[in-house]
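Numbering (my numbering), first residue to last: 1479 to 1726. All remarks here apply to the structure that follows.
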Amino acid sequence: MKLSVLAFFALFAVVVAGCSQVSPEKTATSQMEKPAGEEAMMVEEGFEMINGKMMMVNEKTKTTVVMEKDAVLNDGTKVMMDGAVIRPNGEQFVLKEGESMWMDGSFMEAGEMMAGTEEDAAMMSGNYQGTHLAGTTTPYLAFTKADYEKALSENKVILLNFYASWCPICKTEQKETTAFFDSSDREDVVGFRVNFKDSDTDADEEELAKQFGVPYQHTKVIVKDGKQVLKSLEQWEKSDYEQALSAV
């Protein structure tokens, strides 16, 4: 009887030990590198010092929003809201105007671009000076007074999208806005994302909102021949942009 009990416990110990082992296949899977698509996405997202503020930028969607919290990059580098960068090895520095850090841990000096050349960027934005957010034939840009006046002088049909960085509707809508401008072939149209009652809003943008009587964020205004031809307070999808602009 004692022998049988001992044999039972010995068998039980072997079974438990076998179950606790990690299979080589599972270990190999856990150590696999991220798919190329994920790595590419990481490179496209980053943090840049723009006009003295740290901004989250996405080269693929051409979006730029204010950085709202400190971030940790894929390689362990920390990027702070004040522009300070702390490498895993302890190296520290502060980003200067135009400098950026990307999710793969790479650093870019002012003037460098993720893809293409400065000539390509100028072509896409129609030689406007503001940050290019979307569109090739039909550019969508961060608002500047100089670019707005240039578009007026060229008799462009202008879409003004009043945007607040704290507004969830605005952030959701930007995907639809980007999709429209990326697909549009209208050479006579230019769009501007105008900051509205957020930390990025400047005096020119405040004046523009007053001029068109903009009551709140995610308002869209279409200007033709220097005059307002449409104002909408609704949240738009890609099809709404197409319909509204096809009418002017």
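Idealized CB from N, CA, C, for every residue including glycine.
(1) For the structure I just gave you, are there three or more beta carbon pairs, one from the region 1657–1668 and one from the region 1638–1647, closer than 8 angstroms?
(2) Who pairs with residue 1667 in a beta bridge, going by DSSP?
(3) From what residue to what residue does the alpha helix (DSSP H) around residue 1758 run?
(4) Hey, how far is the Cα of residue 1542 from the Cα of residue 1528?
(5) Give the C-beta separation of residue 1696 and residue 1713 to the nearest angstrom, bearing in mind that I take them to be a contact with Cβ-Cβ under 8 angstroms.
(6) Inspect the beta-carbon positions of residue 1583 and residue 1553 and report whether they are closer than 9 angstroms.
(7) Roughly how far, in whole angstroms, is the beta-carbon of residue 1557 from the beta-carbon of residue 1551, given that I think they are within contact range, below 8 angstroms?
(8) Taking the alpha-carbon of residue 1674 as reference, which of 1692, 1667 and 1724 has the nearest alpha-carbon?
(9) What does DSSP give as the partner residue(s) for residue 1524 in the beta ladder?
(10) Taking just the CA atoms, how far does residue 1652 sit from residue 1665?
(11) Note the first and the last residue of the continuous alpha helix (DSSP H) segment covering residue 1652.
(12) Buried or exposed for residue 1636, going by 16 or more other Cβ atoms inside 10 Å?
(13) Take residue 1442 and list the residues in its own chain whose beta-carbon comes closer than 7 angstroms to its own, dropping the five residues that flank it on each side.
Taking the definition as stated:
(1) no
(2) 1635
(3) What is shown of the chain runs 1479 to 1726, which leaves residue 1758 out entirely.
(4) 10 angstroms
(5) 6 angstroms
(6) yes
(7) 7 angstroms
(8) 1692
(9) 1535 and 1580
(10) 21 angstroms
(11) 1646–1661
(12) buried
(13) Because residue 1442 is not part of the residues shown, which for the chain are 1479 to 1726, the question remains open.
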